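Heads up: the sequence shown begins at 901 in the working numbering, then just goes up one per residue.
Scroll down for the structure; my scribbles are underneath it.
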Amino acid sequence: MLLLVTTVALLVGRDEVTPEAEAPETVSCARYGLDGVRVTARGPGGPTDGAVLDARVFGPGEEREDRFQLEHEHDGITSSYHVFAEDLDWDRPVGVVYHFHGDGAFEYESPEYTASCLAEVAREHNMLLVVPRTPDRAGEITWWEERDLNAQWFLSLVEERLEPEYDIDRSRTWLTGYSGGAQFISQELLADHVDLVPGGGAIMMGGGQAPDRPSAEPTSEQLQELRLRWDVGTEDDGTGPQADFDALSAAWDGHHWYEEQGFERARIRYRDGVDHFGLPYARILQRALNAAEEDSQEQS
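Structure (C-alpha cells):
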C-alpha cells in the first residue's frame, strides 16, 4: 500500500484563479463544474460585511444574511470564518456544509470565487455554507500542520457559536475539503471527531490520506450511512511543477483505509487527465448532495 509521509512539503490549496484587484459583481461557476451558471460574487465589502461585528451581535433577521470575517477565540487561539446564509428557507430544516480550504487559504481569502459557487450548491439544498480560516499563521498557512489544535478551535466554533446561533439540522452535516483541507478531514476530523457528523458525509478533493493514530469509534449507523467521497485526478501525482504533493496516492490510501474500517459508503473517483488544479469542486459537491437527497427520498 502506498503511504505518504505527512511531513512532506505540500504545495497545495492554490486555486488556478488569481484574485482581481476589485471583486466582480458576478462570477462564472463553469471552472468549478457548473456550466452555464453565474452567481453573485459574495464576499466582504458589501452591505452584509460583518468584519467589524461580533458574531453574537445580530440585528433583526441578520442571522439569515451572509456574514464575513467573523472572529472566534478558543483557549487563546483566534481565527475567523465566513457564513453564507442568504436565500435559505428557514421554515424548513437547514443543513450545513463546512468547507476547509487548501494551503494558502484561497477559498477563504477570495470567497467571491470558489466559495460563492459552493454556496450556490448549498443553497439549492437549503444548507448553510461555513468557510473557516485555519488558525495557523506561521509560514504556509495550513489545516494539516498542528491539526490537533486546529481541530479544537474548529470544534469550539461549531459548539459555541454556530450551533447555538443557527438552527442547524445536524443529520445533514457535510465536510468538504480541498488538498490540505482534505487531509485535515481524513486525518483529523473523521479520525478523531467523527461525532461531528451524525449524518451526511465528507468529500475529500485532491487529497484525503489515512490517519496515523485514529481515536474515534464510529457507530454502526455511521459506518452504514455516512457517505465518504474521494475525488482526485490521475495526473495529481506530485510530479507537476506547481504541486509536489502526491494527492493521487493520498486519496487511494485514505479511501482504502476507511473502507477497511467498515464504512460501507466510501467511494473514490479518479478523473482522467486532471491535475491538482482542475477538479470541478462545485459539481462534486452538487452530485454528492443530489445522491444523498435521492436516497433520503427513496427511504421515506
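Virtual Cβ for every residue (Gly too), placed ideally from N, Cα, C.
This structure is a prediction, so every number in the text was calculated from the model and none was measured.
Could one say the Cβ of residue i lies closer than 7 Å to chain B's Cβ atoms, at least one of them?
{"i": "E1059", "result": "Judged by its chain identifiers, the structure shown contains no chain B, having just a single protein chain."}
Taking the CB atoms as reference points, tell me whether residue i and residue j lie closer together than 7 Å.
{"i": "T1134", "j": "D1195", "result": "no"}
{"i": "L1128", "j": "Y1158", "result": "yes"}
{"i": "L1028", "j": "R1183", "result": "no"}
{"i": "E1012", "j": "G943", "result": "yes"}
{"i": "G1138", "j": "D1175", "result": "no"}
{"i": "M1105", "j": "S1086", "result": "no"}
{"i": "F1000", "j": "G1099", "result": "no"}
{"i": "Q969", "j": "S980", "result": "yes"}
{"i": "G1101", "j": "L1062", "result": "no"}
{"i": "W1043", "j": "F1084", "result": "yes"}
{"i": "Y932", "j": "P1118", "result": "no"}
{"i": "S1120", "j": "G1002", "result": "no"}
{"i": "G1107", "j": "A1150", "result": "yes"}
{"i": "D1131", "j": "A1147", "result": "no"}
{"i": "R1023", "j": "D987", "result": "yes"}
Apart from the five residues just before and just after residue i, which ones in its own chain have a Cβ nearer than 7 Å to its Cβ?
{"i": "P1114", "result": "A1091 and D1092"}
{"i": "D1069", "result": "P993, V994 and G995"}
{"i": "L1089", "result": "A1051, L1075 and L1096"}
{"i": "E1045", "result": "D1036"}
{"i": "G1178", "result": "G1133"}
{"i": "V1094", "result": "A1116, P1118 and Q1122"}
{"i": "A951", "result": "Legend: pLDDT at A951 = 37, less than 50; position of this residue unreliable, no value from coordinates given."}
{"i": "E1009", "result": "none"}
{"i": "I977", "result": "P1035, L1049 and W1053"}
So, at 6 Å on beta carbons, what are the nonlocal neighbours of residue i in its own chain, with the 5 sequence-adjacent residues on each side left out?
{"i": "D989", "result": "N1026"}
{"i": "Y998", "result": "V1030 and L1075"}
{"i": "A1110", "result": "D1153, G1154 and W1157"}
{"i": "L953", "result": "Residue placement at L953 is poorly supported in this model, since its pLDDT is 38, which falls under 50; the coordinates still yield a value, given next. None."}
{"i": "F1163", "result": "L1123 and L1128"}
{"i": "V908", "result": "Only weak support exists for where V908 lies, its pLDDT of 35 falling under 50; the coordinates are left without a value."}
{"i": "L1189", "result": "H1025"}
{"i": "M901", "result": "In this prediction, M901 has a pLDDT of 36, which is less than 50 and means its spatial position is unreliable; what the coordinates show is noted afterwards. Closer than 6 Å at the Cβ level, and outside the excluded window around M901, lies no residue."}
{"i": "T1073", "result": "V996, V1097 and G1100"}
On the DSSP bridge assignment, give the partners of residue i in chain order.
{"i": "S1086", "result": "For S1086, which the question treats as bridged, DSSP gives no partner whatsoever."}
{"i": "R984", "result": "Rather than Arg, the amino acid found at residue 984 in this sequence is Phe. DSSP, once it has assigned bridges, lists L1029 as partnering F984."}
{"i": "T1073", "result": "V996 and G1100"}
{"i": "S1120", "result": "Note: S1120 sits in no beta bridge, so no partner."}
{"i": "R859", "result": "Outside the shown range of the chain, which is 901 to 1200, sits residue 859, and nothing can be said about it."}
{"i": "I1068", "result": "V994"}
{"i": "V939", "result": "V927"}
{"i": "Y1158", "result": "DSSP, once it has assigned bridges, lists no residue as partnering Y1158."}
{"i": "A1166", "result": "L1128"}
{"i": "S979", "result": "H972"}
{"i": "L1078", "result": "One detail in the question is off: residue 1078 reads as Tyr in this sequence, not Leu. Paired residue(s): M1105."}
Skipping 5 residues on each side, what residues in its chain have a beta carbon closer than 8 Å to that of residue i?
{"i": "S1056", "result": "H972, H974 and D975"}
{"i": "S928", "result": "V937 and R938"}
{"i": "T926", "result": "R938, V939, T940 and A941"}
{"i": "Q1186", "result": "G933, L934, V1021 and E1024"}
{"i": "T918", "result": "Bear in mind that a pLDDT of 44 at T918, under 50, signals an unreliable position, so the model cannot answer this."}
{"i": "E1060", "result": "H972 and H974"}
{"i": "A930", "result": "G936 and V937"}
With residue i as the anchor, note down where its alpha helix (DSSP H) starts and where it stops.
{"i": "D1131", "result": "Element bounds for D1131: not the alpha helix (DSSP H) but the beta strand (DSSP E), R1127 to G1133."}
{"i": "R1183", "result": "Y1181 to Q1199"}
{"i": "A1143", "result": "Where A1143 is concerned, there is no enclosing alpha helix (DSSP H), given that its DSSP letter is neither H nor E."}
{"i": "Y1008", "result": "F1006 to E1009"}
{"i": "E1020", "result": "T1014 to E1024"}
{"i": "R1047", "result": "R1047 to L1057"}
Taking residue i as part of the beta strand (DSSP E), name the residues at either end of that continuous run.
{"i": "R967", "result": "R967 to H974"}
Counting beta carbon pairs with one atom in the segment 964-972 and one in the segment 1036-1043, are three or more of them shorter than 8 Å?
no
Mind the definition here: the segment 1044-1062 touches the segment 1016-1026 only if three or more C-beta pairs lie below 8 Å; say whether that holds.
no
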